[in-house]
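Colleague:
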Amino acid sequence: MQHLKFAQRLRVHGFFIVINSLVSMLVAARYFEFLPAFPSDFLAILFIFVATFGQMVLLAGVLGLLTLPVIFLPKLWRQICQITFASLAMATLYFDTLVFAQYRFHMNAVVVDLALSGQVVTFPLLMWVKGLSVIALVFLIQFFLLRWLERLQYEKSETAPDQKRKKFFRRFGLVTFASLLLTHGIHIWAAAQAYQPVTMIKRYLPLFYPSTSNRTMAKYGFVNEKSLAQQKNMKMTQTSDLNYPLNPIKATKPEKPVNIVLILVDSWRADTFNAENTPNMWRYAQQGITFNNHLSSGNATRTGVFGMFYGIPGTYWHSVLANSQPPVLIERLQALDYELGIFAAAKLTKPEFDQTVFGSIDNLRLGSKGDTPSARDENLTNDWLAWEEKREQHKPAFSFLFYDAPHGYDFPENYSPRFEPMVDSMNYMDLDNDYDPVPLMNRYKTSVHYVDSQVKRVLERLEESGELENTVVIITGDHGQEMNDNKLNFWGHNSNYTNAQIQVPFAMFGPKISAQMNAWGDRFTAHQDLVPTLAINYLGIENEIKDYAVGVDLLDNPIKRDWIISSKYSSYGVVTDDYIVEVGATGNYQLLDKTNRPASKEKLNFQYLQEVFEQISLYSK
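What follows is the structure, given as structure tokens:
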């Protein structure tokens, strides 16, 4: 075959990009499978179609322009570059749909970093094989597509007119331009009106930033000021201005300081805390109080741990990180000369707990050795036992043990007993709405049971040494773990605020705590309550609670709360008994029922929202 002329190579490149953009539209359609409910109004439906078409063609066009210089390369290198760039782009889009299906946010540097670290997120070999197979298949398809397009150009007469192709590109360009114009026009109007059926859709497409022009729209009287004001108040700000605590901490030294042991289990569902699944933790917990409706401050590790140690909503994470502000709890423990033992299976650098929660601790233990989560959990326990043996016994001690096995559905190969039937491994690529959750749930329960066996070693050591009598023990999880509980294809965590993802076990036993005090029933308790409970009852802090936390004292008289704030990386949720309000980073919100479906019969209580606004702005300057 003869070599293609420049004009022919340019046409091949153009058609190659156009076909890839059309295929990417089909792939991107999968994002909208995960809408709580497909919109019924014409404007929202139209917006989905024109936005998907325009955005995918735009992204493909940008890639085409960036790779345009490759058409000047020799044939072999030109083909390799075109096929490689297109394959990687298409594979990335596909994998992004998998990430979005599970977490409801798109791939970013953080996700990639966590995935590749091998500590926070672990994938079985089979999943890597499947992933590489997908890339190889896409590469092969792109190869044959490019060869076919080039063959068409070879077979084309050099003297024949090319008007049809020119008309095609011209018309395709006009349709794309019209789609983009309509997309941004619809969103400009929807943003001015705070029209949620449209504005909520923008987060479903990757790298999608539709226009707003509220100032111009206001000039012509097209702005719904009331709705916009409500939305603005909901907006999650990320400022470095921080006023935490509100006032200097005043305290007296406790007459007899108690030891504190905080046992945290990653991705621990509330319904797996029982005599069958966690016999050891359950048995010890019966000495104290078990809280039946305890909600984490986040549906992800970052915000779950943050709220527990700081006592304030996870929406303050960025401000705290920017200011390197340690929590009042840790500062008070250090002021009382507590010996601090921080033992985590996963690395404390991702998220940046080494710069926030534990930033003031010297020689911080950043993680555990081991190739698997269960191995790291065992080493964590061994290291704590060695530390407990050698520490200065005349000093009070604070221990933090953060187990990770349930996050990875992991346990040792020879571990027994096991819950059956069980899947052999955890493979995120197999999960969809038709996947049977029972075998996966049994694998998860077995991993929780394994952690229970490790915690048993800790509690028995405290009991044998006699220290348990002077030790407050807290047992809980950082967040839950969903198994498609509500049949909306949610798996894992960090994607919604239903009970499956934010309700966690919470138990306390030790000095000043008895089983007879358990009067909370089904009332809301939350991670934000831990700090004031410890501060008031064991650490001698005399300030009003609101100076350093938004929670309550769990050892005081129970109270009924109408709502609890939980948050994740890019949003927060207001959880009530009847519904959930999910608020995005820009203030866009959805009113959902307790299964994460649109709550069409519910009415938003703006009194609750006003109280929420006060809470998420209380510690901002």
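So that you can map any letter, position 429 of the sequence shown is 410 in my numbering, and since no number is skipped, the others follow by simple counting.
The beta carbon of each residue, even a glycine, is placed where N, CA and C say it ideally should be.
Going along the chain, which residues of its own chain have a beta-carbon closer than 6 Å to the beta-carbon of D466, five neighbours each way excluded?
Modeller: Position 485 of the sequence shown holds residue 466. Here the set comprises A481.
Colleague: Per DSSP, which residues does V43 bridge with? Please list them.
Modeller: For this step, residue 43 is matched to residue 62 along the sequence shown. According to DSSP, V43 bridges with nothing at all.
Colleague: Going along the chain, which unbroken runs of the beta strand (DSSP E) with 3 or more residues stay wholly within the stretch 352 to 435?
Modeller: DSSP runs (the beta strand (DSSP E)) wholly in the stretch 352 to 435: 378 to 384.
Colleague: Counting pairs of beta carbons, one from the stretch 149 to 169 and one from the stretch 542 to 550, are three or more of them closer than 8 Å?
Modeller: The stretch 149 to 169, when compared against the stretch 542 to 550, does not touch it at the 8 Å Cβ threshold.
Colleague: Less than 7 Å separating the Cβ of Y550 from some heavy atom of the ligand MN?
Modeller: Looking at this structure, you won't find the ligand MN or any other ligand, since it has none at all.
Colleague: Considering N255, what are the terminal residues of the beta strand (DSSP E) in which it resides?
Modeller: As a first step, residue 255 must be located in the sequence shown, where it is residue number 274. Taken as a continuous stretch (DSSP letters only), N255 belongs to no beta strand (DSSP E), as it is neither H nor E.
Colleague: Taking the beta carbon of S581 as the centre, do at least 16 other beta carbons fall within 10 Å, making it buried, or is it exposed?
Modeller: Translated into the one-based positions of the sequence shown, residue 581 becomes position 600. It counts as exposed.
Colleague: Would you check if the stretch 397 to 416 and the stretch 446 to 455 touch, i.e. whether three or more CB-CB distances between them fall below 8 Å?
Modeller: Counting Cβ pairs under 8 Å, fewer than three are found: no touch.
Colleague: If you draw a straight line from the C-alpha of G154 to the C-alpha of T65, how long is it?
Modeller: On the sequence shown, residue 154 is found 173 positions in, with the first residue counted as 1. On the sequence shown, residue 65 is found 84 positions in, with the first residue counted as 1. Answer to the nearest angstrom: the Cα atoms are 25 Å apart.
Colleague: Just to confirm, are I52 and H(-6) a CB contact at a threshold of 8 Å?
Modeller: As a position in the sequence shown, residue 52 is number 71, starting the count at 1. As a position in the sequence shown, residue -6 is number 13, starting the count at 1. Cβ distance < 8 Å, so I52 and H(-6) count as in contact.
Colleague: Excluding five sequence neighbours on each side, which residues of the same chain lie with their C-beta closer than 7 Å to the C-beta of L79?
Modeller: As a working note, residue 79 is residue 98 in the sequence shown. If we look at L79 and ignore the five residues flanking it on each side, its Cβ neighbours are Y409, M410.
Colleague: Should the stretch 257 to 264 be called in touch with the stretch 489 to 503, which here means at least 3 C-beta pairs below 8 Å?
Modeller: Short answer: they don't touch.
Colleague: Only counting the same chain, and skipping five residues up and downstream in sequence, which positions put a Cβ closer than 7 Å to that of R346?
Modeller: What you label residue 346 is simply residue 365 of the sequence shown in a count that begins at 1. The answer, listed in chain order, is I323, F324.
Colleague: Do you know whose CA, among D343, S68, D252, lies nearest Y425's CA?
Modeller: Within the sequence shown, residue 425 is the residue found at index 444, counting from 1. It is D252 whose Cα lies nearest to the Cα of Y425.
Colleague: By Cβ distance, which residues of its chain are closer than 7 Å to G521, with the 5 residues on each side in sequence left out?
Modeller: Position 540 of the sequence shown, counting from 1, holds the residue named residue 521. Here the set comprises A232, T233, K234, P235.
Colleague: Could you tell me which of A496, L16, R(-10) sits nearest to L573, measuring between CA atoms?
Modeller: Position 592 of the sequence shown, counted from the first residue, corresponds to residue 573. Measuring from the Cα of L573, the nearest candidate turns out to be L16.
Colleague: Measuring straight from C-alpha to C-alpha, what distance separates G285 and L107?
Modeller: Taking the sequence shown and counting its residues from 1, the one referred to as residue 285 is at position 304. Taking the sequence shown and counting its residues from 1, the one referred to as residue 107 is at position 126. Spanning the two alpha carbons is a distance of roughly 30 Å.
Colleague: Classify S552: buried if its beta carbon has 16 or more other beta carbons within 10 angstroms, exposed otherwise.
Modeller: Start at 1 with the first residue of the sequence shown, and residue 552 comes out as number 571. Buried, since its Cβ has 16 or more Cβ neighbours within 10 Å.
Colleague: Taking only three categories from DSSP, how would you classify V101?
Modeller: Here residue 101 corresponds to residue number 120 of the sequence shown, with the count starting at 1. Low per-residue confidence applies at V101: pLDDT is 47, beneath 50, and the placement is therefore not dependable, though the value from the model is reported in the following sentence. Of the three classes helix, strand and coil, the one that applies to V101 here is coil, per DSSP.
Colleague: Report the partner residues of A316 according to the DSSP bridge assignment.
Modeller: Here residue 316 is taken as the residue at index 335 of the sequence shown, counted from 1. Bridge partners of A316: none, in fact.
Colleague: Tell me the rounded alpha-carbon separation between E394 and S355.
Modeller: By one-based count along the sequence shown, residue 394 stands at place 413. By one-based count along the sequence shown, residue 355 stands at place 374. Straight-line Cα distance between these residues: approximately 10 Å.
Colleague: Would the beta-carbon of S68 fall within 8 Å of that of M37?
Modeller: Within the sequence shown, residue 68 is the residue found at index 87, counting from 1. Within the sequence shown, residue 37 is the residue found at index 56, counting from 1. In this structure, M37 does not lie closer than 8 Å to S68 by Cβ.
Colleague: With respect to the beta strand (DSSP E) encompassing A488, which residues constitute its N-terminal and C-terminal limits?
Modeller: One-based indexing of the sequence shown puts residue 488 at position 507. A488 -> beta strand (DSSP E) spans 487 to 490.
Colleague: Nearest CA to the CA of I540: which residue from I526, R504, L511, K527?
Modeller: Looking up residue 540 in the sequence shown gives position 559. The shortest Cα separation from I540 among I526, R504, L511, K527 belongs to R504.
Colleague: Classify W129 as helix, strand or coil using the three-state DSSP reduction.
Modeller: Residue mapping note: residue 129 aligns to position 148 of the sequence shown, counting from 1. Three-state result, W129: helix.
Colleague: Along the chain, which unbroken stretches of the alpha helix (DSSP H) at least 4 residues long are found entirely within the stretch 258 to 343?
Modeller: The qualifying runs are 260 to 266, 282 to 291, 298 to 304, 309 to 316.
Colleague: Report yes or no: do three or more beta-carbon pairs, one from the stretch 461 to 476 and one from the stretch 433 to 441, lie closer than 8 Å?
Modeller: Not touching, per the Cβ criterion.
Colleague: Where are the beta strand (DSSP E) runs, 3 residues long or more, that stay fully inside the stretch 481 to 542, in chain order?
Modeller: Those beta strand (DSSP E) runs which fall completely within the stretch 481 to 542 and span 3+ residues are 487 to 490.
Colleague: Check whether the stretch 394 to 407 touches the stretch 323 to 342, counting contact only when three or more Cβ pairs, one atom from each stretch, lie closer than 8 Å.
Modeller: Too few Cβ pairs lie closer than 8 Å, so no.
Colleague: Mark L190 as exposed unless 16 or more other C-beta atoms lie within 10 angstroms of its C-beta, in which case mark it buried.
Modeller: Here the question's residue 190 lines up with position 209 in the sequence shown. For the record, residue 190 in the displayed sequence is Tyr; it is not Leu. Y190 comes out exposed.
Colleague: What is the C-beta distance between A25 and V179, in whole angstroms, given that I count them as a contact (C-beta under 8 Å)?
Modeller: Taking the first residue of the sequence shown as 1, we reach residue 25 at position 44. Taking the first residue of the sequence shown as 1, we reach residue 179 at position 198. About 5 Å; that satisfies the 8 Å criterion.
Colleague: Would you call the stretch 39 to 52 in contact with the stretch 499 to 513, where contact means no fewer than 3 C-beta pairs closer than 8 Å?
Modeller: Because the criterion of three Cβ pairs below 8 Å is not met, the stretch 39 to 52 and the stretch 499 to 513 do not touch.
Colleague: What's the gap between the Cα of M407 and the Cα of K575?
Modeller: Residue 407 sits at position 426 when you count from the first residue of the sequence shown. Residue 575 sits at position 594 when you count from the first residue of the sequence shown. The alpha-carbon atoms of M407 and K575 are separated by roughly 27 Å.
Colleague: For V4, write down the residues that DSSP places opposite it in a beta bridge.
Modeller: Here residue 4 is taken as the residue at index 23 of the sequence shown, counted from 1. In the DSSP output, where bridge partners are listed per residue, V4 has none listed.
Colleague: With distances taken from CA atoms, which of Q596, I270, I167 is nearest S194?
Modeller: As a working mapping, residue 194 is identified with position 213 in the sequence shown. Comparing Cα-Cα distances from S194 to each of Q596, I270, I167, the minimum goes to I167.
Colleague: What number of angstroms, rounded off, separates the C-alpha of L276 from the C-alpha of P579?
Modeller: In the sequence shown, residue 276 corresponds to position 295, counting from 1. In the sequence shown, residue 579 corresponds to position 598, counting from 1. Their backbone Cα atoms lie some 21 Å apart in a straight line.
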